[in-house]
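See below for the structure under consideration.
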Amino acid sequence: MNADDQQLRQSLARLLSEAGHGKQWTDAVAQVPRHTFVPTYFYQDGGQWAEVTSASPGYLEAVYANRALTTQIKEDEPTSSSSEPGLMLTMLDALDAEPGHRVLEVGTGTGYNAALLSQVLGDTQVTTVDVDPELTTDAERRLNQAGFRPSVLTGDGALGAPQRAPFDRIIATCGMQSVPPAWVEQAADGAVMIIPIGWGLARVTVDGGKATGRFLDNGAYFMARRTGRVRPRFDELDEQSSTTTDLDGPEALVRLEFPLGLALPGSRTCSWTGSDGSVSAVGIWTPDGSTATAGRDGSVRQVGPRRLWDVVEKLNEQFTTAPIREDFGLTVTPERQWTWWKSEETGWDVPNDYFAE
Ligand SMILES: C[S@@+](CC[C@H](N)C(=O)[O-])C[C@H]1O[C@@H](n2cnc3c(N)ncnc32)[C@H](O)[C@@H]1O
């Protein structure tokens, strides 16, 4: 082992330990060579993706910094990354996994998180799945190289891994719009799931076919589960008659970012800047093609099956200041699932039929 990478790994582990992460996970960071899983990464340089390899200056320092690194680009879009180690440990701490637990990870990516899980829980307990066969082939090879032999599967993680169920813990490392019913079906009673949804991380516990729990206080945004690209329908908006709003669109989208991510799963936002450098309009769209824009002049245009700006207006009445994440929760039953604020009695239905997206 190279002395440099060992030293850098120790100092990353120390940093994460000082940040209060669990000792078993910081010990795993000190032991598992992240550079084996991230032999190259990409960064944006003047609008282009540039590749950094192990021969590039600063490579090892970047790999052992508390940084997310983009590890795969397809059609000019990032499609896989090694998440920020601090965020990974926040999720692993919240997962509350112990030796003996059977764990399913959805989103193998580089295989580094599966390696941390294997180090702490034992590789026979770990199953990891990614939709991209190139990634799973590389990840499995790297895991073996680092001495781990977890079960690495290729497929849509929304289906879980029935052949390896039941699981005591399920952790997703790609952004989901809701919880696939297969995960609840494949979870043992008492199982904990950590799921990135919207701008947060839901932590739910399974009991008798129902899963419920709250969001962690940490913000997080993960690469969305791959389901095909969703494009906003801005070009159709000019044909729509406009209505007006009293809302300051840019301010509202920032203040309401978290509840919007839950009320409108998979929603994305953007803004346009005028010649004076200030935001002139904002846009929002969802995977079903619904699209809305709101201009600084108060004009609103909407197209598609859902009137998205109406949802923004409604949330604005409910949240006059940015709400805290831990007040939100998620409940999944075989019949329905919904995200909620403060009490399960209220909230927003999210799709339960995963493949209807
Ligand atoms: C942030 S990366 C995962 C990082 C990974 N855990 C690691 O340690 O490197 C998100 C991953 O989710 C995967 N993904 C996207 N859609 C998926 C799906 N439907 N099923 C399984 N994996 C999926 C992507 O291919 C990508 O590798």
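Per this note's numbering, numbering of the sequence shown is gapless, rising by one per residue and ending at 357.
Just so you know, even glycine gets a beta-carbon here, dropped at the ideal spot from N, CA and C.
The structure presented is a predicted model; accordingly, all values stated were derived computationally and were not measured.
| Item | Value |
| --- | --- |
| W183, buried or exposed, once every other Cβ within 10 Å from all chains shown has been counted against 16 | buried |
| Test item: CB-CB of S290 and L308 under 8 Å | yes |
| heavy atom of ligand 1 below 7 Å from N66 C-beta | no |
| Assigned secondary structure, F148 (DSSP; H/G/I helix, E/B strand, else coil) | coil |
| Buried or exposed by the 16-neighbour rule on C-beta atoms within 10 Å, applied to A28 | buried |
| C-alpha gap between Q119 and R9, whole angstroms | 15 Å |
| Local conformation of Y43 per DSSP, three classes | strand |
| For M223, three-class secondary structure by DSSP | coil |
| beta-carbon D4 near ligand 1 non-hydrogen atom, thresh 7 Å | no |
| Extent of the continuous beta strand (DSSP E) run through R214 | 210 to 215 |
| Nearest residue (CA-CA) to P63, options E75, Q6, H21, H101 | The displayed chain sequence assigns Val, not Pro, to residue 63. Out of E75, Q6, H21, H101, Q6 has the C-alpha closest to the C-alpha of V63. |
| G261 - DSSP class collapsed to helix/strand/coil | helix |
| Strand pairing of M176, partner residues [DSSP] | I197 |
| Boundaries (first-last residue) of the beta strand (DSSP E) holding S271 | 268 to 273 |
| Buried versus exposed call for Q186 [16 or more other C-beta atoms within 10 Å across all chains shown] | buried |
| With 16 other Cβ atoms within 10 Å as the buried cut-off, status of R203 | buried |
| Segment contact flag, the region 215 to 222 with the region 159 to 179, C-beta cutoff 8 Å, min 3 pairs | yes |
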